[in-house]
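Peer 1: Chains as they are written, first to last, in this note's numbering: chain E, 1090 to 1204; chain P, -10 to 102.
Take this structure, written in structure tokens, and hold onto it; I'll ask about it next.
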């Protein structure tokens, strides 16, 4: 069965600090997809990134970067020079191929960025 | 704005009642998913439809049912409501069903009194 673990529950940083959100996953599939979503205080879920299991290249988008390592089953998310607007709950999720393409979410990490 | 529309945004009702949550997917998306977010269970998958057909089921209670209509909008029906059904219910949509990003609506917050 697929599983996503986000061991960190709450992180608090001061603005401009870098912060890394950890995600570890479990799956028996060789083809799968990993995602990060952001849930700001307003409550909506915002898609940030998707990675497939065959693409281990790191990705950078502005202040956001993602490190995917199959050897450790991890898909970590780093925010550089954090801002107050980054305060939110961040979810890592996994989707397998096959009949059910549901997202299995981790418990989420609450990030608070203080001015 | 994700392009996924959910109505209503808030719903307050009593135990034993029945409610219907509505979702309009993004233009061009054929898959619709329903998720429940609660404090104790986190985000849980309920059910998926693709182009009008049920494709996958999660831990959806028998008191809950859903359907996707020919115009691709979807409804989630919750009946015999219990206090524990209070949660945020999200609809998401994607173009297909294999690993594509799911885009979420703003959710319907259901409160059972």
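The C-beta atom is built at its ideal place from N, Cα and C for all residues, glycine as well.
(1) Quick check: what's the CA-CA separation for residue 4 of chain P versus residue 58 of chain P?
(2) Give the residues of chain E in contact with residue 92 of chain P, contact being defined as C-beta atoms less than 8 Å apart.
(3) Mind listing the chain E neighbours of residue 34 of chain P? Cutoff is C-beta to C-beta under 7 Å, in chain order.
(4) Can the beta-carbon of residue 1145 of chain E be found closer than 7 Å to that of residue 1157 of chain E?
(5) On a CA-only basis, which of E/1122, E/1105, E/1152 and E/1102 is nearest residue 1181 of chain E? Give me that one, please.
(6) In whole angstroms, what is the alpha-carbon distance linking residue 1198 of chain E and residue 1135 of chain E?
(7) Assuming residue 22 of chain P and residue 37 of chain P are in contact, meaning their beta carbons sit under 8 Å apart, how far apart are those beta carbons, in whole angstroms?
(8) Are residue 1193 of chain E and residue 1183 of chain E close, meaning C-beta to C-beta below 7 Å?
(9) By the three-class DSSP mapping on this structure, what secondary structure does residue -7 of chain P have?
(10) Give the interface partners of residue 87 of chain P over in chain E, defined as CB-CB distance under 7 Å, in chain order.
(11) List the residues of chain P whose Cβ lies closer than 8 Å to the Cβ of residue 1133 of chain E, in chain order.
(12) Applying a beta-carbon distance threshold of less than 9 Å, which residues of chain P neighbour residue 1139 of chain E?
(13) Determine the burial state of residue 1143 of chain E: buried for a count of at least 16 other Cβ atoms within 10 Å of its Cβ, exposed for fewer.
(14) Got a sec, what are the start and stop residues for the beta strand (DSSP E) residue 1123 of chain E sits in?
(15) Using a beta-carbon distance below 7 Å, is residue 1122 of chain E in contact with chain P?
(16) Using a Cβ-Cβ cutoff of less than 6 Å, which residues in the same chain neighbour residue 100 of chain P once the five nearest sequence positions on both sides are dropped?
(17) Alpha carbon to alpha carbon, how far is residue 61 of chain P from residue 41 of chain P? Give it in angstroms, no decimals.
(18) Anything in the stretch 12 to 30 of chain P with a Cβ closer than 9 Å to a Cβ of chain E? List those residues in chain order, please.
(19) Can you tell me whether residue 35 of chain P is buried or exposed? The criterion is at least 16 other CB atoms within 10 Å of its CB, across all chains shown.
(20) Can you pull the chain P neighbours of residue 1166 of chain E, defined as C-beta to C-beta under 9 Å?
(21) Using a C-beta to C-beta distance shorter than 7 Å, which residues of chain A count as neighbours of residue 1196 of chain E?
(22) Hey, how far is the Cα of residue 1116 of chain E from the Cα of residue 1091 of chain E?
Peer 2: Taking the coordinates as given:
(1) Counted from its first residue, the second chain places residue 4 of chain P at position 15. Counted from its first residue, the second chain places residue 58 of chain P at position 69. Their backbone Cα atoms lie some 28 Å apart in a straight line.
(2) Here residue 92 of chain P refers to the residue found at position 103 when the second chain is read from its first residue. Residues of chain E passing the Cβ test: 1136.
(3) Residue mapping note: residue 34 of chain P aligns to position 45 of the second chain, counting from 1. Near residue 34 of chain P (Cβ distances below 7 Å), the residues of chain E are 1191 and 1192.
(4) For the purposes of this step, residue 1145 of chain E is taken as residue 56 along the first chain, with counting starting at 1. For the purposes of this step, residue 1157 of chain E is taken as residue 68 along the first chain, with counting starting at 1. A contact, by the Cβ cut-off of 7 Å.
(5) Within the first chain, the letter at position 92 stands for residue 1181 of chain E. Out of E/1122, E/1105, E/1152 and E/1102, E/1122 has the C-alpha closest to the C-alpha of residue 1181 of chain E.
(6) Position 109 of the first chain, counted from the start, is the residue given in the question as residue 1198 of chain E. Position 46 of the first chain, counted from the start, is the residue given in the question as residue 1135 of chain E. Cα to Cα, residue 1198 of chain E sits roughly 14 Å from residue 1135 of chain E.
(7) For the purposes of this step, residue 22 of chain P is identified with residue 33 of the second chain, where counting begins at 1. For the purposes of this step, residue 37 of chain P is identified with residue 48 of the second chain, where counting begins at 1. Yes, they are in contact, since the Cβ atoms of residue 22 of chain P and residue 37 of chain P sit about 5 Å apart, within 8 Å.
(8) On the first chain, position 104 is the one that residue 1193 of chain E refers to. On the first chain, position 94 is the one that residue 1183 of chain E refers to. Yes, these two residues count as a Cβ contact at 7 Å.
(9) Stepping through the second chain from its first residue, residue -7 of chain P is reached at position 4. Coil.
(10) Here residue 87 of chain P refers to the residue found at position 98 of the second chain. The answer, in chain order, is 1186 and 1190.
(11) On the first chain, position 44 is the one that residue 1133 of chain E refers to. Result: -9, 93, 94, 95 and 96.
(12) Sequence index remark: in the first chain, residue 1139 of chain E carries index 50 (1-based). What residue 1139 of chain E touches in chain P: 88, 89 and 90.
(13) Looking up residue 1143 of chain E in the first chain gives position 54. Its Cβ having fewer than 16 others within 10 Å, residue 1143 of chain E is exposed.
(14) Here residue 1123 of chain E is taken as the residue at index 34 of the first chain, counted from 1. Residues 1121 to 1128.
(15) Indexing the first chain from 1 puts residue 1122 of chain E at position 33. Yes, its Cβ sits closer than 7 Å to a Cβ of chain P.
(16) Translated into the one-based positions of the second chain, residue 100 of chain P becomes position 111. Cβ within range, chain order: 1 and 75.
(17) Translated into positions along the second chain, residue 41 of chain P becomes position 52. Translated into positions along the second chain, residue 61 of chain P becomes position 72. Cα-Cα distance, rounded: 7 Å.
(18) 20, 22, 24 and 26
(19) By 1-based counting over the second chain, the position of residue 35 of chain P is 46. Result: buried.
(20) Working through the first chain from its first residue, we reach residue 1166 of chain E at position 77. Ordered by position in chain P, no residue passes the 9 Å Cβ test against residue 1166 of chain E, which lies about 16 Å from the chain.
(21) Reference to chain A is not applicable here, since the protein chains of this structure are E and P.
(22) Counting from one through the first chain, the residue named residue 1116 of chain E turns up at place 27. Counting from one through the first chain, the residue named residue 1091 of chain E turns up at place 2. Roughly 5 Å separates the two Cα atoms.
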